[in-house]
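Engineer: Protein chains in written order, with the working numbering: chain A, 11 to 465; chain B, 73 to 137. For each residue, glycine too, the CB sits at the ideal point set by N, CA and C.
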C-alpha cells in the first residue's frame with residue numbers, strides 16, 4: 011500500500027502524477043472488484059477528470075495540501091452530489107443525492123480524487139458486510155472471509171490498493187472492525203467532531219465518520235481534511251519513553267482467539283521495551299456495555315426505519331429487517347436505563363484515562379470470520395459472530411472517546427489483526443501523537459516517516 | 073412491565089404481524105434487558121443512587137496539551 015505521505019512527496023517531486031496513481035487504482039478495481047465486491051459505484055470518469063485537474067494545478071503551482079490528487083473511496087452511506095446513496099439497500103432505490111455531505115465538500119476542497127462508493131453492511135447495521143443488496147464484500151487477504159463491517163468495502167478498497175484511503179462510518183466499530191480484519195489503520199474520532207450531515211444514520215447519538223488508511227500519519231491527514239483543515243501536517247509523535255498506557259484486561263481480554271492474544275501480548279512487549287509504562291486498569295461496568303449499546307442503537311435505528319419497515323419491508327435483507335424490527339420493541343424505561351449506563355461508562359473511561367495517555371486493547375477478539383458463519387469458536391466455546399466482533403469497539407461509541415486501530419501483524423494463517431488505542435474525549439490529536447509513537451511497536455515493523463510538503 | 077410479560081406480548085405481536093422469525097431475536101433482547109435492569113447504576117424510588125465511579129479530573133485538565 012502506498013501511503014498518502016509517500017504519494018504527496020513523490021507528486022511534488024515530479025516522480026508521479028495523480029493521473030498515474032488514479033489509473034493504477036482504477037486498474038485494480040477493474041481487475042478485482044468483480045471478485046471482491048468492494049464498490050457499489052466506480053466513478054472512473056469523474057476520477058480521471060479530477061486527477062487531471064489536480065495535475066494541472068500542481069504544474070501551475072497550486073497546492074491544496076497533503077490530499078491534493080489522492081484517490082479516495084467513500085462508503086456508500088455518505089452523500090456525493092449527483093449519485094445514489096444506496097446504503098447497500100434496495101430500500102434506497104432511486105435515491106440521488108442533491109448535495110455533497112460536508113465531509114465530501116471538505117475532501118473536494120482538499121483536492122482529493124473520489125474513485126467511487128464502497129459496499130457496506132446494509133444501512134451500516136452489521137459487522138460483516140454480508141447483508142448487502144450488492145452481495146457480500148470479500149476480504150482481500152482471503153476472499154472466503156469477511157472484510158468486516160459495516161465499512162467492509164472501505165477496508166477492502168485500501169487493503170487491495172484500490173484507493174489510498176477510504177471514508178467510513180463507525181457506530182459500534184464499523185471503521186475499526188474492517189480496519190482490523192483488512193490490515194489497515196482505522197480512526198474513529200471523538201463523538202461529534204466530524205460532521206455526520208449527509209450521512210444515512212444508524213444511530214445519530216453514536217454515529218461517527220472516520221478514515222481508513224495505510225498508516226497513522228495518513229489517518230491524521232484525512233481526519234484533518236474531514237474537519238475542513240486540509241493543510242495540517244501529521245503531529246509529532248509523543249516520546250515513547252515514559253508513555254503511560256493502560257490495558258483493561260478484565261472483560262476486554264477475557265475472550266480472545268489464541269493467535270490474537272499472542273499478537274497483542276507481543277505488541278505490549280515491544281511497547282514496554284521501547285520505554286512505555288503499561289499498567290492494568292478495570293472498567294467496572296464493562297459487563298453492561300453490550301446491553302447499554304444494544305438498547306440505544308436499536309431504538310435509534312428503529313425510529314429512523316419505522317416508516318419503511320411498514321411500507322417496504324421486503325426491500326430489506328432478512329437479517330437487517332429482523333434486527334431493525336427488534337428495536338421497535340424496546341421499552342422507553344429501558345432506553346432511559348441505557349442512557350444512565352452510558353453516562354456511567356463514559357465516566358469510567360474518563361477515570362481510566364486520567365492517569366494514562368491511552369488505553370490499549372485488541373480491536374477484535376478474532377481474525378476475519380468465514381463468510382456465512384453465524385458463530386465462531388473463541389475461548390472455550392462458540393459465540394455469535396456479531397457479538398464477538400463488536401465486543402471491544404462498541405464501548406467507545408457509547409462513550410464518545412476517540413479510538414484508532416493499528417495493524418498488529420498477521421497471524422500464522424496470514425490474516426491481519428489489530429490493536430486499538432483509545433484517548434481522551436476531544437483530544438483526537440493527542441491520541442494520534444500517541445498512535446504515531448506506538449505504530450512501529452504495534453505493527454512490529456519500523457514506519458518510515460516521510461514529511462509532506464503540502465503544508 | 074416485567075420482562076416476562078413484555079416478552080410474551082412482543083412474541084404475540086410479532087406472530088400477529090406475520091414475523092415469527094422475530095421470536096429468537098426478541099428472546100435475545102429480553103436477556104439484554106434483564107442484564108440492563110440488573111445493573112447497579114439503576115436508580116430506585118426507595119434508594120438513593122450510589123455513584124458507581126467518582127468524577128475524575130479529566131486528563132484534558134490535568135495534562136498540558
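Which of the three DSSP states is assigned to residue 287/A in this structure?
Structural biologist: Assigned with DSSP and collapsed to three states, residue 287/A falls in strand.
Engineer: Closer than 7 Å, CB to CB, is residue 221/A near chain B or not?
Structural biologist: no
Engineer: Put residue 461/A into one of helix, strand or coil per three-state DSSP.
Structural biologist: Bear in mind that a pLDDT of 40 at residue 461/A, under 50, signals an unreliable position, so the number given afterwards is only what the model happens to contain. DSSP places residue 461/A in coil when its eight states are reduced to three.
Engineer: Which residues, in chain order, does the segment 404-433 of chain A contribute to contact with chain B at a C-beta distance below 9 Å?
Structural biologist: 433
Engineer: Out of curiosity, what's the CA-to-CA distance linking residue 126/A and residue 18/A?
Structural biologist: Cα to Cα, residue 126/A sits roughly 21 Å from residue 18/A.
Engineer: Consider the Cβ of residue 76/B: report whether some Cβ of chain A lies at a distance smaller than 7 Å.
Structural biologist: no
Engineer: For residue 222/A, which of helix, strand or coil comes out of DSSP?
Structural biologist: If DSSP states are grouped into helix, strand and coil, residue 222/A belongs with the strands.
Engineer: For residue 412/A, which of 86/A, 159/A, 218/A and 225/A has the nearest alpha-carbon?
Structural biologist: 218/A
Engineer: Could you please tell me which residues of the segment 94-108 of chain B, in chain order, have their CB closer than 7 Å to any CB of chain A?
Structural biologist: 94, 97, 98, 101, 104, 105, 107 and 108
Engineer: Could you check what DSSP says for residue 392/A in three-state terms: helix, strand or coil?
Structural biologist: strand
Engineer: Name the residue from 98/A, 246/A and 27/A whose alpha carbon lies nearest to the alpha carbon of residue 443/A.
Structural biologist: 246/A
Engineer: Considering only C-alpha positions, which residue in the set 379/A, 380/A and 341/A is nearest to residue 73/B?
Structural biologist: 341/A
Engineer: State the Cα-Cα distance for the pair residue 71/A and residue 23/A, rounded to the nearest angstrom.
Structural biologist: Here the alpha carbons of residue 23/A and residue 71/A stand approximately 12 Å from one another.
Engineer: When the Cα atoms are used, what is the spatial distance from residue 86/B to residue 427/A?
Structural biologist: Taking the straight line from one Cα to the other gives about 39 Å.
Engineer: Measuring only the C-alpha atoms, how far is residue 248/A from residue 92/B?
Structural biologist: 55 Å
Engineer: Taking its Cβ as the centre, do 16 or more other Cβ atoms sit within 10 Å of residue 330/A, making it buried, or is it exposed?
Structural biologist: Burial call: buried.
Engineer: To the nearest angstrom, how far is it from the Cα of residue 434/A to the Cα of residue 181/A?
Structural biologist: Roughly 18 Å between the two C-alpha positions.
Engineer: Mind checking if residue 74/A is an interface residue toward chain B, Cβ cutoff 7 Å exclusive?
Structural biologist: no
Engineer: Using a cut-off of 9 Å between C-beta atoms, extract the partners of residue 111/B located in chain A.
Structural biologist: 295, 297, 298, 301, 302, 347, 350, 351 and 354
Engineer: Which value, in whole angstroms, describes the spacing of the CA atoms of residue 128/A and residue 320/A?
Structural biologist: As the crow flies, the alpha-carbon of residue 128/A is around 28 Å from that of residue 320/A.
Engineer: According to DSSP, is residue 84/A part of a helix, a strand, or is it coil?
Structural biologist: strand
Engineer: Does the CB of residue 339/A have a neighbour CB from chain B at under 7 Å?
Structural biologist: yes
Engineer: Give the straight-line distance between the Cα atoms of residue 89/A and residue 226/A, rounded to the nearest whole angstrom.
Structural biologist: 26 Å
Engineer: Do you know offhand how far residue 415/A's Cα is from residue 404/A's?
Structural biologist: So the alpha carbons of these two residues sit roughly 13 Å apart.
Engineer: So, for residue 121/A: in the same chain, excluding its five sequence neighbours on each side, which residues have a beta-carbon less than 8 Å away from its beta-carbon?
Structural biologist: 64, 67, 74, 75, 77, 78, 79, 80 and 240
Engineer: On a Cα-Cα basis, can you pick out the residue from 378/A, 317/A, 289/A and 343/A that is closest to residue 101/A?
Structural biologist: 317/A
Engineer: What is the DSSP secondary structure of residue 114/B, reduced to helix, strand or coil?
Structural biologist: DSSP places residue 114/B in coil when its eight states are reduced to three.
Engineer: Can you name the residues of chain A whose CB is closer than 7 Å to the CB of residue 82/B?
Structural biologist: Under a criterion of Cβ atoms nearer than 7 Å, the residues of chain A adjacent to residue 82/B are, in order, 339.
Engineer: Any Cβ of chain B within less than 7 Å of the Cβ of residue 336/A?
Structural biologist: yes
Engineer: Only counting the same chain, and skipping five residues up and downstream in sequence, which positions put a Cβ closer than 7 Å to that of residue 144/A?
Structural biologist: Cβ-Cβ distances below 7 Å link residue 144/A to 47, 50, 98 and 129 in the same chain, with the five nearest sequence neighbours on each side left out; the list follows chain order.
Engineer: With H, G and I counted as helix, E and B as strand and the rest as coil, what does DSSP make of residue 450/A?
Structural biologist: helix
Engineer: Express the C-alpha separation of residue 333/A and residue 369/A in angstroms, rounding to a whole number.
Structural biologist: Using only the alpha carbons, I get a separation of about 31 Å.
Engineer: Return yes when the Cβ of residue 244/A is within less than 7 Å of the Cβ of residue 232/A, no when it is not.
Structural biologist: no
Engineer: Buried or exposed: which applies to residue 109/A, given that a residue is buried once 16 or more other Cβ atoms fall within 10 Å of its Cβ?
Structural biologist: With fewer than 16 other beta carbons inside 10 angstroms of its own, residue 109/A counts as exposed.
Engineer: In the structure shown, what three-state DSSP assignment does residue 152/A receive?
Structural biologist: strand
Engineer: Can you name the residues of chain B whose CB is closer than 9 Å to the CB of residue 305/A?
Structural biologist: 101, 104, 105 and 108
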